[in-house]
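Per the UniProt record's numbering, the very first residue in the sequence shown carries number 1; after that it's consecutive.
Using N, Cα and C, we set each Cβ at its ideal position, and we do this for glycine too.
Working notes, beginning with the structure itself.
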Amino acid sequence: MPTNTHGDDEHGHGGIHLPDMSYYPIILAAGLTIIGAGLMTIVPIRFPNGKRPELAAATGTYEIKSEHGEVINTSTGLSNKKLLMWSFLGSDVMFFGSFIATYLVYRNRSLVGPYPADVLEIPITSVSTFVLLMSSLAMVLALSYIQQGRQKMGTFWIFSVVVLGAIFLLFQVYEFNHFGQLGLTPRTNLFGTTFFILTGLHGAHVTLGVIWLIFLGFGSIKGSLRADNAIDLEIAGLYWHFVDIVWIVIFTVIYLISARDVAPPGSVPFVGH
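Structure, rendered in C-alpha cells:
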C-alpha cells in the first residue's frame, strides 16, 4: 500500500505542510531542568571592587567579604533552592503554555486523518490520569513522614510515587504505540505533531521526576535524606505537583475538549487501517 505523508496530501489542499521533525524541544526541556538543578549549588560571584558575595543555595544565607577581611553573614529567610525551583517552574509554565497554545491554534486543522475522534480513548487515559493524581497524594505523605523523622514510612511513599509515575509512563508508551498502529505519528498531520510534542515533553518531565525521586529514595534508605534536610524532598514535591497540574491541563485540552474533533470540511476522511 502506498504511503502518503501529510505534507503531500495537505499540499494539494492549500499548500499546507509541516516542518521536519526536530528534537530540539525535548533537548531544551532537559537542558532547562539541568540548568535549574545546577543553579542549586554554591555559586561564587566576584566583583571588581573586591567584595565577594557567596550564595549558599542550600541554606538561604550569604556572606560578604570585603578587602579588609570583614565578614557579614546575612540570612534571607528563604531557601534559595526553593526560590530557584519556583523560578524554574515559572519558566516551565511559559514553556508548556506555548505548546498548549500551539495545539489550540492548530486544533481541528488537519487535512488528513487520523483525527482525535478516531484515536483518543478517554477511559484508558482517565485511568492513567487518576494514577498520576494519586502519585501527588503519595508525595504529600512521603514529605510528611520524612519531616516527622519516620524514615521507613517516608521511604515507602517515595518509592510509591516512583511506581505510580512509572505506571503512568507505561500507559503513555502503550498509547503512543497504539496510535502508531492506527496510523497517527508525529509526521502524519498537524494533530499528530502537536499531540506527540506536547505529551512527549510532559512524559520527559515525568521521567526526570521519577529518576530524581529514585535518588532521593535511596538517599532516605542511606540516611542522607532526613528531617533536617527534607527541603530536598519538598523541592522535588513542588516539581512533581507541577507536572501533575500540567497533565490536568493537557488532559482537559486534548482529551476532553478535542475528543470529538472529526475531519474538518474539505479534508480527507479517515477510513482506518
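Inset, instruction - Since I believe V253 is in contact with Y103 (beta carbons under 8 Å), could you give me their beta-carbon distance rounded to a whole number of angstroms? - result: 7 Å
Inset, instruction - Mark Y174 as exposed unless 16 or more other C-beta atoms lie within 10 angstroms of its C-beta, in which case mark it buried. - result: exposed
Legend entry - Three-way DSSP call (helix, strand, coil) for S87 in this model: helix
Legend entry - DSSP state of E121 mapped onto helix, strand, coil: coil
Inset, instruction - Let me know the secondary structure DSSP gives Q148 once reduced to three states. - result: coil
Inset, instruction - Report the rounded CA-to-CA distance for L83 versus L89, giving the unit in angstroms. - result: 10 Å
Inset, instruction - Assign G113 to one of three DSSP states: helix, strand, or coil. - result: coil
Inset, instruction - Classify L143 as helix, strand or coil using the three-state DSSP reduction. - result: helix
Inset, instruction - Give the secondary structure of Y106 by DSSP, where H, G and I count as helix, E and B as strand, and everything else as coil. - result: coil
Legend entry - CA-to-CA distance, R150 to G97, given in whole angstroms: 38 Å
Legend entry - Span separating the alpha-carbon of I158 from that of K81: Using only the alpha carbons, I get a separation of about 20 Å.
Legend entry - contact_flag[the segment 162-177, the segment 126-138] where n(CB pairs < 8 Å) is 3 or more: A contact exists between the segment 162-177 and the segment 126-138.
Inset, instruction - Mark G217 as exposed unless 16 or more other C-beta atoms lie within 10 angstroms of its C-beta, in which case mark it buried. - result: buried
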